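Protein chains: 6
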Amino acid sequence: MIVEEFFEDYRIGFSRRTMGRTITEADIVLHAGQTGDFFPHHMDAHWCATQDFKRRIAHGTLIFSVGIGMTASTINPRAMSYGYDRLRFVRPVFIGDTISVSATITEKRDHPKRKTHGIAVEAIEIRNQDAETVLVCEHLYLVERRTPAET
Amino acid sequence: MIVEEFFEDYRIGFSRRTMGRTITEADIVLHAGQTGDFFPHHMDAHWCATQDFKRRIAHGTLIFSVGIGMTASTINPRAMSYGYDRLRFVRPVFIGDTISVSATITEKRDHPKRKTHGIAVEAIEIRNQDAETVLVCEHLYLVERRTPAET
Amino acid sequence: MIVEEFFEDYRIGFSRRTMGRTITEADIVLHAGQTGDFFPHHMDAHWCATQDFKRRIAHGTLIFSVGIGMTASTINPRAMSYGYDRLRFVRPVFIGDTISVSATITEKRDHPKRKTHGIAVEAIEIRNQDAETVLVCEHLYLVERRTPAET
Amino acid sequence: MIVEEFFEDYRIGFSRRTMGRTITEADIVLHAGQTGDFFPHHMDAHWCATQDFKRRIAHGTLIFSVGIGMTASTINPRAMSYGYDRLRFVRPVFIGDTISVSATITEKRDHPKRKTHGIAVEAIEIRNQDAETVLVCEHLYLVERRTPAET
Amino acid sequence: MIVEEFFEDYRIGFSRRTMGRTITEADIVLHAGQTGDFFPHHMDAHWCATQDFKRRIAHGTLIFSVGIGMTASTINPRAMSYGYDRLRFVRPVFIGDTISVSATITEKRDHPKRKTHGIAVEAIEIRNQDAETVLVCEHLYLVERRTPAET
Amino acid sequence: MIVEEFFEDYRIGFSRRTMGRTITEADIVLHAGQTGDFFPHHMDAHWCATQDFKRRIAHGTLIFSVGIGMTASTINPRAMSYGYDRLRFVRPVFIGDTISVSATITEKRDHPKRKTHGIAVEAIEIRNQDAETVLVCEHLYLVERRTPAET
Chain A
1 MIVEEFFEDY RIGFSRRTMG RTITEADIVL HAGQTGDFFP HHMDAHWCAT QDFKRRIAHG
61 TLIFSVGIGM TASTINPRAM SYGYDRLRFV RPVFIGDTIS VSATITEKRD HPKRKTHGIA
121 VEAIEIRNQD AETVLVCEHL YLVERRTPAE T
Chain B
1 MIVEEFFEDY RIGFSRRTMG RTITEADIVL HAGQTGDFFP HHMDAHWCAT QDFKRRIAHG
61 TLIFSVGIGM TASTINPRAM SYGYDRLRFV RPVFIGDTIS VSATITEKRD HPKRKTHGIA
121 VEAIEIRNQD AETVLVCEHL YLVERRTPAE T
Chain C
1 MIVEEFFEDY RIGFSRRTMG RTITEADIVL HAGQTGDFFP HHMDAHWCAT QDFKRRIAHG
61 TLIFSVGIGM TASTINPRAM SYGYDRLRFV RPVFIGDTIS VSATITEKRD HPKRKTHGIA
121 VEAIEIRNQD AETVLVCEHL YLVERRTPAE T
Chain D
1 MIVEEFFEDY RIGFSRRTMG RTITEADIVL HAGQTGDFFP HHMDAHWCAT QDFKRRIAHG
61 TLIFSVGIGM TASTINPRAM SYGYDRLRFV RPVFIGDTIS VSATITEKRD HPKRKTHGIA
121 VEAIEIRNQD AETVLVCEHL YLVERRTPAE T
Chain E
1 MIVEEFFEDY RIGFSRRTMG RTITEADIVL HAGQTGDFFP HHMDAHWCAT QDFKRRIAHG
61 TLIFSVGIGM TASTINPRAM SYGYDRLRFV RPVFIGDTIS VSATITEKRD HPKRKTHGIA
121 VEAIEIRNQD AETVLVCEHL YLVERRTPAE T
Chain F
1 MIVEEFFEDY RIGFSRRTMG RTITEADIVL HAGQTGDFFP HHMDAHWCAT QDFKRRIAHG
61 TLIFSVGIGM TASTINPRAM SYGYDRLRFV RPVFIGDTIS VSATITEKRD HPKRKTHGIA
121 VEAIEIRNQD AETVLVCEHL YLVERRTPAE T
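These protein sequences, in sequence, are chains A, B, C, D, E and F. Residues 1 to 151 in the UniProt record's numbering are what the first sequence spells out, letter by letter. Residues 1 to 151 in the UniProt record's numbering are what the second sequence spells out, letter by letter. Residues 1 to 151 in the UniProt record's numbering are what the third sequence spells out, letter by letter. Residues 1 to 151 in the UniProt record's numbering are what the fourth sequence spells out, letter by letter. Residues 1 to 151 in the UniProt record's numbering are what the fifth sequence spells out, letter by letter. Residues 1 to 151 in the UniProt record's numbering are what the sixth sequence spells out, letter by letter.
Have a look at this one:
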């Protein structure tokens with residue numbers, strides 16, 4: 001779906017929530033295969049059984065990539081992804097956990113250099129099936145202004 | 001390879017560099033499949049040809065995940081990934097571009113609460129075959145101290 | 001996105017259109033891998049060059065599956081997929097072709113046995129980048145009625 | 001294997017049966033990834049547990065594609081897939097179910113326009129490990145005639 | 001297809017030949033992902049361009065696995081794969097090359113210990129589209145005897 | 001990691017050992033998809049339950065490819081893979097088994113023709129979590145000599 005929104009249209013506090021997705025053993029195998037990260041924390045069930053966390057753990061970049069992908073539902077031709085701040089792995093995600101994502105606009109900033117654009121900050125929170133937070137970050141969007149900022 | 005290093009062992013300025021990896025159309029197809037992000041910027045060559053960038057662009061989360069995976073060569077049993085700061089998409093990556101990663105320890109911080117651990121910051125820079133920076137971020141590691149920090 | 005609609009809410013003539021997606025060599029390789037169909041029409045570029053169509057052809061089930069997947073954007077808790085009629089492969093799809101899908105409600109029928117449900121027919125048309133039809137079918141949905149049908 | 005058969009060679013009642021294949025969680029993850037259909041019916045085990053069917057369900061297009069792929073064992077250079085009729089999802093397929101396919105030639109028709117070809121109809125029936133039918137359809141083949149049809 | 005054959009039924013000189021399959025960039029990406037071998041010879045087009053062979057090379061284990069898979073067309077319930085001898089990489093395989101396989105029974109041996117079985121040797125030769133040999137090996141099958149061997 | 005070693009630098013008895021990796025159902029599904037080998041021994045859990053081994057077995061080429069991939073940790077620009085001898089499948093590998101690999105230089109040979117190179121033999125042994133050998137082979141490397149061999 002395409003929804004055109006200028007920087008002026010973003011409302012602080014606007015919030016959305018995705019459906020859930022279960023993280024499977026296949027996801028971890030595919031992510032190891034895509035990234036080349038075959039660390040035993042993700043790939044060796046036998047060794048993991050000897051560790052504190054007992055079970056294989058999903059890659060942090062897997063949960064981040066899937067969670068961000070789950071929020072990619074609407075295209076805004078006036079916005080582009082600028083980066084991420086304060087990405088933190090709060091709890092491990094295990095095989096069989098089901099994650100869902102909430103995203104809330106928390107801040108609007110001037111761009112340090114461009115008057116034609118602003119930066120919208122969307123707080124991302126990924127939770128598991130027990131409503132525990134597993135990952136947080138801030139997604140920064142570079143958004144075109146309808147009217148350039150004044151000096 | 002397993003190399004045990006305590007927080008005290010980390011040296012600011014220590015730098016390493018990965019080999020290269022070409023980002024392929026297959027990588028983008030697989031990443032769309034893993035994340036569910038089928039935005040036309042990544043998947044619709046026909047539409048992309050009408051846009052400023054002319055060609056399909058790799059997902060930001062793909063370049064980030066692959067780049068971080070490329071740095072996952074040595075396991076330190078005393079460290080774990082804590083999160084990322086200031087992740088920025090500096091330039092687009094196109095099909096056929098070859099990326100490599102440099103990683104440099106730039107900072108060591110006390111952990112705000114735990115005296116038993118410190119935070120080591122590794123600056124990550126992903127470049128393409130023309131030595132242009134495409135992505136930067138700071139990778140934070142939570143690292144055990146050999147000796148707890150004093151108050 | 002979840003949108004609840006009963007059989008009575010379906011409007012004949014309601015139409016929607018997806019964004020585009022380029023069919024890649026990777027898609028064909030993955031589909032062969034999923035289905036086990038490694039026929040040379042899809043997998044042997046050397047042999048294909050000696051045939052009338054000159055190039056590898058996407059599997060019919062690939063174009064069908066991807067096209068139907070592209071229409072799976074909104075969940076209606078009152079409807080479920082019942083089947084398909086008159087699925088026809090009108091033109092081959094080659095590597096690099098970009099397909100998009102239009103879907104139009106064309107008919108509403110009583111269910112032969114259940115008074116609590118009706119059948120809604122959605123005509124699916126998949127086209128390539130030259131607006132040529134490559135695949136058509138009718139997607140049948142079993143949809144709950146708000147009020148059971150009279151005898 | 002290549003076996004050349006003209007339309008005249010097709011025998012109504014000719015039947016064949018495939019070996020079995022277990023539908024795995026990985027198949028569903030890969031099919032979601034190929035089609036972009038991440039509906040919770042297939043991907044969210046936690047939500048599925050609250051529904052009537054209790055467990056994740058394989059995509060209809062997955063079972064159809066795999067089942068048809070399982071029948072793609074012999075190449076007939078005189079035939080090509082023309083389309084499908086009356087595709088119906090009779091029962092859900094769950095992770096761990098093992099499907100097999102029977103295929104029987106049930107009808108031979110003149111082509112509405114071409115005298116050089118006929119249409120052979122192969123009834124496809126996919127069953128699970130309990131011999132319950134899960135999917136049926138009619139596969140239509142366009143088959144060259146050894147001798148053109150008379151008017 | 002299932003064809004039951006005892007050791008006595010194997011005929012030296014019996015030969016079969018597969019259809020062709022084009023080795024794609026996607027195959028190499030998937031094989032790297034499955035095996036964890038991301039060596040630049042397979043993954044870094046930029047670096048390969050500076051080497052003698054100029055282009056990315058398929059993994060030896062990829063060509064071997066695909067070639068052996070291409071010969072896995074008939075199941076003999078009386079035989080099982082015992083191992084391989086004299087596997088040699090004769091020429092590199094590049095992206096876009098089309099391989100096919102010939103397999104010929106060249107030898108029948110007593111099993112060193114079991115009188116109930118013999119060892120059948122099938123010479124495997126994988127060639128590219130220019131009929132150049134790229135890989136050879138001997139595939140050893142452990143095959144049940146109809147009648148145990150005499151002392 | 002790149003470590004340059006000439007033939008003269010290889011030491012008989014030098015041994016290394018990899019970390020472990022659990023073989024998953026997803027690995028088998030992906031390997032079937034890559035090779036086209038959908039034999040019921042690997043893919044049909046229902047049929048396997050009626051056989052002596054009771055459970056699905058990993059493809060021999062999967063265990064070989066993964067095991068060899070696990071040893072591909074250091075690049076030696078003076079060596080290349082020449083082939084394999086005496087590859088034997090000693091025990092089946094089941095879903096959930098965790099394999100690790102030991103590799104030991106056991107022999108150094110003159111090359112039959114080239115005085116500029118020698119052949120180094122590395123004995124590969126793949127074991128499961130119970131320290132049982134599942135696969136052995138000899139990996140032959142063609143390695144450049146610092147000084148050509150005398151006649």
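For each residue, glycine too, the CB sits at the ideal point set by N, CA and C. Keep in mind it's a predicted model, so treat the numbers as computed, not measured.
Practice prompt. Please classify serine 65 of chain B: does DSSP put it in a helix, a strand, or coil?
Written response: helix
Worksheet item: In the UniProt domain "MaoC-like" (17-122) of chain E, which residue ranges form an unbroken beta strand (DSSP E) of at least 3 residues, counting only runs that do not cross its ends?
Response: 79-89 and 98-110
Item to complete: Please list the residues of the segment 28-39 of chain D that have a C-beta atom closer than 8 Å to any C-beta atom in chain B, keeping them in chain order.
Response: Leu30, Ala32, Gly33, Gln34, Gly36 and Phe38
Worksheet item: With a cut-off of 9 Å, does the C-beta of tyrosine 82 of chain E fall near any C-beta of chain F?
Response: yes
Practice prompt. Taking 8 Å as the threshold, find out whether the segment 51-70 of chain A comes into contact with the segment 107-116 of chain A through three or more Cβ pairs.
Written response: no
Discussion item. For chain C, check one thing: does any of its Cβ atoms lie closer than 9 Å to the Cβ of alanine 123 of chain B?
Written reply: no
Worksheet item: Taking just the CA atoms, how far does arginine 145 of chain B sit from aspartate 9 of chain B?
Response: Approximately 9 Å, taken between the alpha carbons.
Worksheet item: Does the Cβ-Cβ distance between arginine 91 of chain B and valine 29 of chain B come in under 9 Å?
Response: no
Item to complete: May I ask you to report which of helix, strand or coil DSSP gives glutamate 144 of chain F?
Response: Strand at glutamate 144 of chain F.
Worksheet item: Mind checking arginine 16 of chain A: buried by the 16 CB within 10 Å criterion, or exposed?
Response: exposed
Worksheet item: So histidine 46 of chain E and glutamine 129 of chain B are in contact, right, with Cβ under 8 Å, and what is the actual spacing, rounded?
Response: Confirmed, Cβ separation roughly 5 Å.
Worksheet entry | C-alpha distance - glutamate 150 of chain E paired with threonine 116 of chain E, whole-angstrom precision | 10 Å
Item to complete: Between the Cα of isoleucine 99 of chain A and those of A:Leu62, A:Leu87 and A:Phe38, spot the shortest distance and give me the residue it belongs to.
Response: A:Leu62
Worksheet item: Looking at chain E, which residues of the segment 12-26 of chain C have a Cβ within less than 9 Å of any of its Cβ atoms?
Response: Thr24, Glu25 and Ala26
Worksheet item: Per DSSP, which one or two residues make a beta bridge with isoleucine 126 of chain E?
Response: E:Val101 and E:Leu135
Worksheet item: Name the chain D residues that come within less than 8 Å of aspartate 44 of chain F, Cβ to Cβ?
Response: Met19, Gly20, Arg21, Thr22 and Thr98
Worksheet item: Do you know how far the Cα of valine 143 of chain F is from the Cα of aspartate 85 of chain F?
Response: 17 Å
Worksheet item: Below 9 Å between beta carbons: does that hold for phenylalanine 39 of chain D and alanine 72 of chain C?
Response: yes
Fill in: Of the listed residues A:Glu122, A:Tyr141, A:Glu138 and A:Leu140, nearest to phenylalanine 14 of chain A (C-alpha basis)
A:Glu122
Practice prompt. Please list, in chain order, all residues of the same chain as valine 3 of chain E whose beta carbon is under 7 Å from its beta carbon, the five residues on each side excluded.
Written response: Thr74 and Asn76
Worksheet item: By Cβ distance below 8 Å, which residues in the same chain neighbour glycine 60 of chain E in space, the five residues on each side in sequence not counted?
Response: Phe89 and Leu135
Worksheet item: When the cut-off is 9 Å and only beta carbons count, does arginine 86 of chain F lie next to chain D?
Response: no
Fill in: Spatial distance of serine 81 of chain F from methionine 19 of chain C (CA atoms)
As the crow flies, the alpha-carbon of serine 81 of chain F is around 46 Å from that of methionine 19 of chain C.
Worksheet entry | chain D contact for glutamine 51 of chain A (CB, 9 Å cutoff) | no
Worksheet item: Opposite isoleucine 12 of chain C in the DSSP bridges: which residues?
Response: Beta-bridge pairing links isoleucine 12 of chain C to no other residue.
Worksheet item: Are isoleucine 95 of chain E and threonine 24 of chain E closer than 9 Å when you measure CB to CB?
Response: yes
Worksheet item: What's the gap between the Cα of histidine 42 of chain E and the Cα of proline 112 of chain D?
Response: 51 Å
Discussion item. Quick check on arginine 11 of chain F: buried or exposed, where buried means 16 or more other Cβ atoms within 10 Å of its Cβ?
Written reply: Burial check for arginine 11 of chain F: the Cβ neighbour count within 10 Å stays below 16, so the residue is exposed.
Item to complete: Would you tell me roughly how many angstroms separate the C-alpha atoms of valine 93 of chain D and alanine 103 of chain E, rounded to the nearest one?
Response: 38 Å
Worksheet item: Counting contacts by CB-CB distance shorter than 9 Å, is methionine 70 of chain F in contact with chain B?
Response: no
Fill in: Beta carbon proximity, isoleucine 95 of chain F to chain E, threshold 9 Å
False, the Cβ-Cβ gap to chain E never drops below 9 Å.
Worksheet item: So, are the CB atoms of threonine 22 of chain A and aspartate 27 of chain D less than 9 Å apart?
Response: Judged by beta-carbon spacing, aspartate 27 of chain D lies beyond the 9 Å limit of threonine 22 of chain A, meaning their Cβ atoms are not closer than that value.
Discussion item. For alanine 79 of chain D and alanine 49 of chain F, I'd like the C-alpha separation in whole angstroms.
Written reply: 37 Å
Item to complete: Drop a sphere of 10 angstroms on the beta-carbon of methionine 70 of chain C, count the other beta-carbons inside from all chains shown, and report buried for 16 or more, exposed for fewer.
Response: buried
Practice prompt. Pull up the distance between the alpha-carbon of arginine 114 of chain D and that of proline 148 of chain D, whole angstroms please.
Written response: Approximately 9 Å, taken between the alpha carbons.
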